[in-house]
Structures are given as C-alpha cells and as structure tokens.
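Asks: The structure under discussion is supplied below as structure tokens; questions concerning it will follow.
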Amino acid sequence: MAAFYSFLAVLALIVIPWLGVGMGMSALFGIALPYIAIIIFMVGFTMRIVDWAKSPVPFCIPTTGGQQKSLPWIKWSPWDNPVDKKGVFMRMVLEVLCFRSLFRNTSVKLQQDGPKVGYSSEKSLWLFSLIFHYCFLLILVRHLRFFLMPIPGAVGIAEFLDSILQIGLPVMYQSDALIMVGLLFLLARRVFDGKVRYITLMQDYFPLFLLLGIVLTGVWMRYVVKVDVIAVKELTMSIVTLRPHMPTAPIDPSVYAHLTLVCALFIYFPFSKLMHMGGIFLSPTRVLPNMSRRAQWVNPWNDPAVKAHSYEAYEDDFREKMIEAGLPVDKKA
Amino acid sequence: MYNAKYIIPGILFFLALAFVPVIYNQGHVFEVKPELPKDQKECVLPTTEMRDKHMQLLNEWRNEAVRDGSRIFINAKGQKYVKSLTNTCMSCHPDKTKFCDRCHETVGVAPYCWDCHNLSPNQKSPIPPVASAAAGGH
Ligand code: HEM
C-alpha cells in the first residue's frame, strides 16, 4: 500500500502541472514554484543542520571497523579506527566518495542444513547505490548547461564523456540508463525482498518514485518529445539571474512536470531521510575519533555546578564508616 | 551550537553554491540569434519542428541514406530534398559558425558530425573522398 500511495503522489505531481499549464498557470509552475522550493530547501536544510549541531553528544560513540591504536607492535587501522582529526578526515572522504560502510553490508540467511544463521557478504546495495549517486552527480553537473552562460569547459567534458558511445541522435547519455538501473534496483530491493519490504515505509518509497519520475520525464523530454531547449534555457536563465519572465516560445508541458517534480524533491528534502546528505557530516558514529581510552569525554550537558567528585575525596568523606563496615580503603585513618 | 567553527563555514559554503549561477551570469546576456537564410523562406520542415527536432531528422536521413540507400526525402508539402547533411542543410545554411554554432554554443552541445562531414558543399576535397555521385558528394 505504501508503495502504491507513493506512486500515486508522484503521479499527481506530474498530472497537476500538466493540467495547470494547460489552464494558463505556467508562471506559477515555471517561476513561483522554483523560487519557493529553493527558499524552503535552503532554510530547511540550514535549520536541520543547526538543530543537529545544537544537540549535545554525551558519549564518544564512533563505530569502528578495524584495530584500535594501542601498543606499538599491534598493527592498527588509522582510517577505520581513527584517533585524530587527520584520520577522521580520511575516513569521511572515503565514506562520502566510496560508501565504505555500505561495502561492509551483509545479508542474514537461515542455513538449509539445520537451524543455523549464516551471514554472507552482500555487495549489491553498495554497487547500485554508488551507481545511482554518481549518475545523479553527473546529471546535475551536466544540467549546469541550463544555468550558466557561457558554459564552463568542465560541463562540456562531462557531456562528452557521458555520451562517448555516440548512440543515436540526440546522443544517448550513459548516465541516463545507469541511473535507471540504479534506481530500479534500489526499488526492487524494497519490493521483492520480504525482510526489507517489512521495514519499508512510505517515506522510503516516495523518494525512489520521485527520482524515477524526474529521470523518466527528463528522458521523455530529451529522447521522445524533443522540447525546445533554448526556450527552457531562457526560462532557467531568467530565474537564476533573478529577472524572471516567461519565454515567448511555447514550452512543452513535460518540462513543467519535470520542474515540478524537482521542486517537490527540493521541498521534501530537508524534512526527509534525504538529509543524510548533510547528516553524514554530523553523525557522531562517523565523525568522532575513537579517543575513549586516551582522553576524557566531557558530557556537554553536565551541570557545571556539579563538580567532579574523585574517589579520594569520596573516601575522605566516608573513611570511618567504611573501616567500620570492613570495606577496604586506600589510606588508613 | 557545538563545533560552530566547522559547521558555520560548511553551511555558508553550501548556501553560497546556490548563488554561483547568479554571480557567474552577471553581465552576460542570454540571446540566441542564428543567421537565417535571406534568399529562402522555408526550411525542410516547419520552423518550430526544425528547431526542436532537426537532430532526429538528421538521424533518420543518415540511417536511411547509409543503410537503405534511400536518398530522397519528401516533406509534407511534397517538396523533394536530397538526404544530405552537407549538400542540403549547408546549401541553405552555408555558415556553420553563424547558424548551427550560435544555437549549439548557448546550450552546450557540440555535434561530432564535422569530424568527417564537410562544412560547405563546394569544398574542394570531399570527405569521405568519393566523387560526386548521383545523390551528390558529402
Ligand atoms: C534534481 C535535479 C534534476 C534531475 C535529477 C534531472 C534529471 C534529468 C534527466 C535524467 C534528464 C535526461 C537527459 C539528461 O540526462 O540530460 C533530464 C533532462 C532535462 N532536464 Fe532535468 N533534472 C533535474 C533538474 C532540472 C531542472 C531544475 C531543470 C530546469 C528546468 C531541468 C530541465 C531539463 C531539461 C530541459 C531536460 C531535457 C534536456 C534535453 O532535451 O537535452 N532539469 N533531466
């Protein structure tokens, strides 16, 4: 049901602008909505980050995937179990660029011979999410051609490499096909794996359908209906130069559907699990060095009026009573 | 707020990204003015259709000409054209830099056709080097 409702929501986000533009509301979907979306995105994103930054971290809780630094003759993993800022930096770079923690993903199965639980390596989640995220990045970089004038050379290089197979005209971008593969796998994983389906909620399906909707409308515009790209660029340039106006040439309704889905993504972003984009940098389990045995971790919500009370002072307070009760004490009398 | 010395610059950097296009585009105007042929009135297809779909038309022409040997295109009005990039398109739109490129540069497409095809029909050494056949050179 959750999948079905998410699908319907995305469908509505395509149909509403499609009909709305037919009724002459193109300025609403083409100009007003993008501005609203970007403002909600920026304010919402900042507020989520500030909210997290304000939350105290009471304990030193990095998750570690390697040997801790200890005696000099024990080999340790500086990136999996960092002890300083440099190590954490490397760990975060690898985490963000290579998704190392997903690489460790395992699957649990009941073994056939007897009631034994078996764990096996499960790399497909890592592979397909990596494909998806890099294609998404590449598509965003390529889309800069709609927002910049003159177009930087790097965008041209990205386009050239992405279309290097020179299939068809307009040339097919490999990233368009690959992002579909990535998204469809991530969706299939939630739909067909019973264990994952059981824990999948509407807020897991919705972003997947939303992204699929964005990609499908984009593919539709480029390879099927052939929208007037110059008119679209006139619109996007008028938006980013803060002098919004509608282009004189007509724009196909599918552009507004694409744009509305993108705006929905941006509006939804700060309130959803997609905030892992910013949240990864504020996760105590990722960004804290594993220092719990080398330095004292001061819980920031400790009341400063309550002073530390050492064992020595405790013994001073209760020495007689402890000796009377027969408890061992460090200092006699 | 904890770790403000990392988080505040981080947020500011992130928000600044949104303003990159605003600043980058300052002083540049976006206008597309391909030089249209003066002695001709009509393109192969209606102008709006040409504008959006000329690459699809070229693709059809290429495939039909090269694979099926069908080299004559008849449009909805019954006019006949030779299916050729250089000989047909470039005879009415002779200057690539003032026509094709003016649009393509503004939207960042760089068709690779000119790696092989000649820019203008009257160029001396046609590539591929075949003497003008019935349907013309290339
Ligand atoms: C989350 C952001 C976005 C994503 C993931 C996305 C995705 C895509 C994809 C996958 C395509 C297919 C062709 C290609 O890969 O270039 C596409 C095409 C297109 N997108 Fe987007 N898009 C996004 C934002 C936007 C925005 C903000 C606009 C501005 C109006 C836009 C306008 C277009 C246009 C005009 C095309 C057709 C390009 C052509 O015909 O060559 N997109 N989009």
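Protein chains in written order, with the numbering used here: chain H, 1102 to 1434; chain Y, 130 to 267. Glycine included, each C-beta is placed from N, C-alpha and C at the ideal position.
1. Would you list the one or two residues that DSSP bridges to H:LEU1211?
2. Mind checking the segment 171-204 of chain Y against chain H and listing, in chain order, the residues whose C-beta falls within less than 7 Å of any C-beta there?
3. Examine the ligand HEM and report whether any of its heavy atoms sits within less than 8 Å of the Cβ of H:HIS1359.
4. Would you list the residues sitting across from Y:PRO201 in a DSSP beta bridge?
5. With distances taken Cα to Cα, identify the nearest neighbour of H:GLN1169 among H:MET1273, H:ARG1394, H:GLU1421, H:ALA1414.
6. What are the boundary residues of the alpha helix (DSSP H) that H:TRP1119 is part of?
7. Just to confirm, is the Cβ distance from H:ALA1110 to H:PHE1307 under 9 Å?
8. Could you compute how far the alpha carbon of H:VAL1333 sits from the alpha carbon of H:LEU1245?
9. At a CB distance below 7 Å, what residues from the segment 143-171 of chain Y approach chain H? Give them in sequence order.
10. Let me know the secondary structure DSSP gives Y:TRP243 once reduced to three states.
11. Among H:LYS1176, H:PHE1190, H:LEU1112, H:ARG1290, which residue has its Cα nearest to the Cα of H:LEU1228?
12. Terminal residues of the continuous alpha helix (DSSP H) containing Y:PRO223?
13. Looking at chain H, is there any beta carbon in it that lies within less than 9 Å of the beta carbon of Y:CYS218?
14. Within 9 Å (strictly less), CB to CB, does H:LEU1245 reach chain Y?
15. Could you tell me the alpha carbon to alpha carbon distance between H:ASP1417 and H:THR1164, rounded to whole angstroms?
16. In terms of alpha-carbon separation, which member of H:PRO1173, H:PRO1351, H:GLY1269, H:GLU1196 lies closest to Y:PRO240?
17. Quick one: give me the first and last residue of the alpha helix (DSSP H) that Y:VAL151 is part of.
18. Using C-beta distances below 7 Å, list every residue in its chain close to Y:ALA263, excluding the 5 sequence neighbours before and after it, in chain order.
19. Hey, would you say Y:HIS222 sits closer than 9 Å to Y:CYS232, going by beta carbons?
20. Roughly how many angstroms separate the alpha carbons of H:TYR1136 and H:PHE1130, rounded to a whole number?
21. Any chance you could list the beta strand (DSSP E) runs of at least 3 consecutive residues sitting entirely within the segment 1226-1250 of chain H, in chain order?
22. Rounded to whole angstroms, what is the Cα-Cα separation between H:LEU1112 and Y:ILE201?
23. Give me the Cα-Cα distance between Y:PHE148 and H:ALA1255, rounded to the nearest whole angstrom.
24. Nearest to H:GLN1397 by CA position, among H:LEU1239, H:ALA1409, H:VAL1430, is which residue?
25. Would you say the beta carbon of H:TYR1136 is closer than 8 Å to some non-hydrogen atom of the ligand HEM?
26. By Cβ distance below 6 Å, which residues in the same chain neighbour Y:ALA194 in space, the five residues on each side in sequence not counted?
27. Helix, strand or coil: how does DSSP classify H:THR1301 here?
28. Beta-carbon separation of Y:LEU174 and Y:LEU214 under 9 Å?
29. Tell me which same chain residues have a C-beta within less than 8 Å of the C-beta of Y:ILE256, skipping the five on either side of it?
30. Looking only at its chain, what residues have a beta carbon closer than 6 Å to the beta carbon of H:GLY1145, apart from the 5 residues adjacent to it on each side?
31. Does the ligand HEM have a heavy atom nearer than 8 Å to the CB of H:ARG1323?
32. Going by beta carbon distance, what residues of the same chain come within less than 6 Å of H:PRO1401, once the five residues before and after it are set aside?
33. Rounded to the nearest angstrom, what separates Y:THR176 and H:PHE1108 at their Cα positions?
Replies: Based on what the coordinates show:
1. Position 110 of the first sequence, counting from 1, holds the residue named residue 1211 of chain H. Paired residues: H:VAL1218.
2. ARG180, ASP181, LYS182, MET184, GLN185, LEU187, ASN188
3. The sequence position of residue 1359 of chain H within the first sequence is 258, counting from 1. Yes, since a heavy atom of the ligand HEM falls inside the 8 Å radius drawn around the Cβ of H:HIS1359.
4. For the purposes of this step, residue 201 of chain Y is taken as the residue at position 72 of the second sequence. The question names Pro, but residue 201 of chain Y in the sequence shown is Ile. For Y:ILE201, which the question treats as bridged, DSSP gives the partners Y:VAL211.
5. Within the first sequence, the letter at position 68 stands for residue 1169 of chain H. Here the closest residue by C-alpha is H:ARG1394.
6. Residue 1119 of chain H sits at position 18 when you count from the first residue of the first sequence. Taken as a continuous stretch (DSSP letters only), the alpha helix (DSSP H) holding H:TRP1119 covers 1103-1123.
7. Looking up residue 1110 of chain H in the first sequence gives position 9. Looking up residue 1307 of chain H in the first sequence gives position 206. In this structure, H:PHE1307 lies closer than 9 Å to H:ALA1110 by Cβ.
8. Locating residue 1333 of chain H in the first sequence gives position 232, counting from the first residue. Locating residue 1245 of chain H in the first sequence gives position 144, counting from the first residue. Cα to Cα, the separation comes out at about 13 Å.
9. LEU144, ALA147, PRO150, VAL151, TYR153, ASN154, HIS157, PHE159, VAL161
10. Within the second sequence, numbered from 1, the residue matching residue 243 of chain Y stands at position 114. Residue state, collapsed to three classes: helix.
11. Counted from its first residue, the first sequence places residue 1228 of chain H at position 127. Cα-wise, what sits closest to H:LEU1228 is H:ARG1290.
12. Reading the second sequence from its first residue, position 94 is the one you call residue 223 of chain Y. No alpha helix (DSSP H) holds Y:PRO223; DSSP gives it neither H nor E.
13. Numbered from its first residue, the second sequence carries residue 218 of chain Y at position 89. By this cut-off, Y:CYS218 is not an interface position.
14. For this step, residue 1245 of chain H is matched to residue 144 along the first sequence. Taking Cβ atoms only, chain Y reaches closer than 9 Å to H:LEU1245, which makes this a yes.
15. As a first step, residue 1417 of chain H must be located in the first sequence, where it is residue number 316. As a first step, residue 1164 of chain H must be located in the first sequence, where it is residue number 63. Rounded to the nearest angstrom, the two C-alpha atoms are 39 Å apart.
16. Stepping through the second sequence from its first residue, residue 240 of chain Y is reached at position 111. Nearest C-alpha to Y:PRO240: H:GLY1269.
17. By 1-based counting over the second sequence, the position of residue 151 of chain Y is 22. Its alpha helix (DSSP H) spans residues 133-153.
18. On the second sequence, position 134 is the one that residue 263 of chain Y refers to. Unreliable positioning characterises Y:ALA263 in this predicted model, as indicated by a pLDDT of 40, which lies under 50. A coordinate reading is not provided.
19. Taking the first residue of the second sequence as position 1, residue 222 of chain Y is located at position 93. Taking the first residue of the second sequence as position 1, residue 232 of chain Y is located at position 103. No.
20. Residue numbering aside, residue 1136 of chain H sits at position 35 when the first sequence is read from its first letter. Residue numbering aside, residue 1130 of chain H sits at position 29 when the first sequence is read from its first letter. Going by the C-alpha atoms only, they are around 10 Å apart.
21. none
22. The residue given as residue 1112 of chain H occupies position 11 in the first sequence. The residue given as residue 201 of chain Y occupies position 72 in the second sequence. Distance between the alpha carbons of H:LEU1112 and Y:ILE201 is about 43 Å.
23. Position 19 of the second sequence, counting from 1, holds the residue named residue 148 of chain Y. Position 154 of the first sequence, counting from 1, holds the residue named residue 1255 of chain H. Each residue's alpha carbon lies about 19 Å from the other.
24. To locate residue 1397 of chain H, count along the first sequence from 1; it is residue 296. Comparing Cα-Cα distances from H:GLN1397 to each of H:LEU1239, H:ALA1409, H:VAL1430, the minimum goes to H:ALA1409.
25. One-based indexing of the first sequence puts residue 1136 of chain H at position 35. Every heavy atom of the ligand HEM is 8 Å or more from the Cβ of H:TYR1136, so no.
26. Position 65 of the second sequence, counting from 1, holds the residue named residue 194 of chain Y. Closer than 6 Å at the Cβ level, and outside the excluded window around Y:ALA194, lie ARG200, LYS212.
27. Counting from one through the first sequence, the residue named residue 1301 of chain H turns up at place 200. In the structure shown, H:THR1301 sits in coil (DSSP, three-state: anything other than H, G, I, E or B).
28. Along the second sequence, one-based indexing puts residue 174 of chain Y at 45. Along the second sequence, one-based indexing puts residue 214 of chain Y at 85. Their beta carbons are not under 9 Å apart, which means Y:LEU174 does not touch Y:LEU214 by this criterion.
29. The count along the second sequence starts at 1 and reaches residue 256 of chain Y at position 127. Any reading at Y:ILE256 is ruled out, since the residue's pLDDT is 44, under 50, leaving its predicted position unreliable.
30. Counting from one through the first sequence, the residue named residue 1145 of chain H turns up at place 44. PRO1371.
31. Counted from its first residue, the first sequence places residue 1323 of chain H at position 222. Answer for H:ARG1323: yes, Cβ within range of the ligand HEM.
32. Your numbering for residue 1401 of chain H matches position 300 in the first sequence. Closer than 6 Å at the Cβ level, and outside the excluded window around H:PRO1401, lie PRO1157.
33. For the purposes of this step, residue 176 of chain Y is identified with residue 47 of the second sequence, where counting begins at 1. For the purposes of this step, residue 1108 of chain H is identified with residue 7 of the first sequence, where counting begins at 1. If you take the alpha carbons of Y:THR176 and H:PHE1108, they lie about 38 Å apart.
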